[in-house]
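Q: When the letters of the sequence shown are read in order and numbered with the numbering used here, they come out as residues 1397 to 1518.
Glycine residues also receive a C-beta, built at the ideal position from the N, C-alpha and C atoms.
Could you have a look at this structure, given as structure tokens, before my questions?
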Amino acid sequence: MVLRLYGVENLQSYIRKHIQLAEHFEQLVLSDSRFEVVTPRLFSLVCFRLLPPTSEYEGGRQLNYDLMDAANSSGKIFISHTVLAGKFVLRFAVGAPLTEEQHVDAAWKLLQDEATKLSGSA
């Protein structure tokens, strides 16, 4: 059904665009030393986490849960989570048809702002 609706070329373009937007998000994460990309980006999925500022956060599980909760509670973005190698990590996936770079930038700004509130650092 999707292939019939979009056609091969449009579907390829759609997927490529989302991969490029995820690459952009990945670069934003890498540019902020408070965060780490946990696994290599896979298509339009970026797994990342906020690094705990001190050892009191026990690996950052609660810190990242709180970041996810704050971001999702904003009603502006939705991120999910998983546990990889014992680390609680956040999942940012580009998939909505109308997503543009400005939306990725706004999502990143929101995550940075919430991270600052949670960890008290800029």
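Suppose the cutoff is 8 Å on Cβ atoms and the five residues either side in sequence are ignored; what does the same chain contact list for alanine 1518 look like?
A: For alanine 1518, the predicted structure reports a pLDDT of 47, less than 50, and the residue's modelled location is therefore unreliable. A value from the coordinates is still provided. Result list for alanine 1518: Thr1512, in chain order.
Q: So is arginine 1400 buried or exposed if we call it buried at 16+ other beta carbons inside 10 Å?
A: Classification for arginine 1400: exposed.
Q: Who are the Cβ neighbours of valine 1404 in its own chain at under 8 Å, not counting the five residues just before and after it?
A: Taken in chain order, the list of residues that qualify is empty.
Q: I think leucine 1463 touches proline 1448, with their Cβ atoms under 8 Å apart; what is that distance to the nearest whole Å?
A: The Cβ separation is near 11 Å, so there is no contact.
Q: Pull the bridge partners of lysine 1483 from the DSSP assignment, please.
A: Partner(s): Leu1480.
Q: Indicate the three-state DSSP secondary structure (helix, strand or coil) for alanine 1489 in the structure shown.
A: Of the three classes helix, strand and coil, the one that applies to alanine 1489 here is strand, per DSSP.
Q: Going by C-alpha to C-alpha distance, which of His1477, Leu1424, Ser1469 and Leu1441 sits closest to alanine 1492?
A: Selected option, being the one with the closest Cα: Leu1441.
Q: Just how far apart, CA to CA, sit serine 1476 and alanine 1502?
A: Those two C-alpha atoms are separated by around 17 Å.
Q: Taking all protein chains shown into account, do 16 or more other C-beta atoms lie within 10 angstroms of the C-beta of valine 1479, making it buried, or fewer, making it exposed?
A: Classification for valine 1479: exposed.
Q: Starting from valine 1500 and walking both ways along the alpha helix (DSSP H), at which residues does that stretch end?
A: Segment 1497-1515, the alpha helix (DSSP H) holding valine 1500.
Q: Mapping the DSSP letters down to three states, classify valine 1442 as helix, strand or coil.
A: Valine 1442: strand per DSSP, three-state reduction.
Q: Note the first and the last residue of the continuous alpha helix (DSSP H) segment covering valine 1404.
A: Start and end: 1404-1426.
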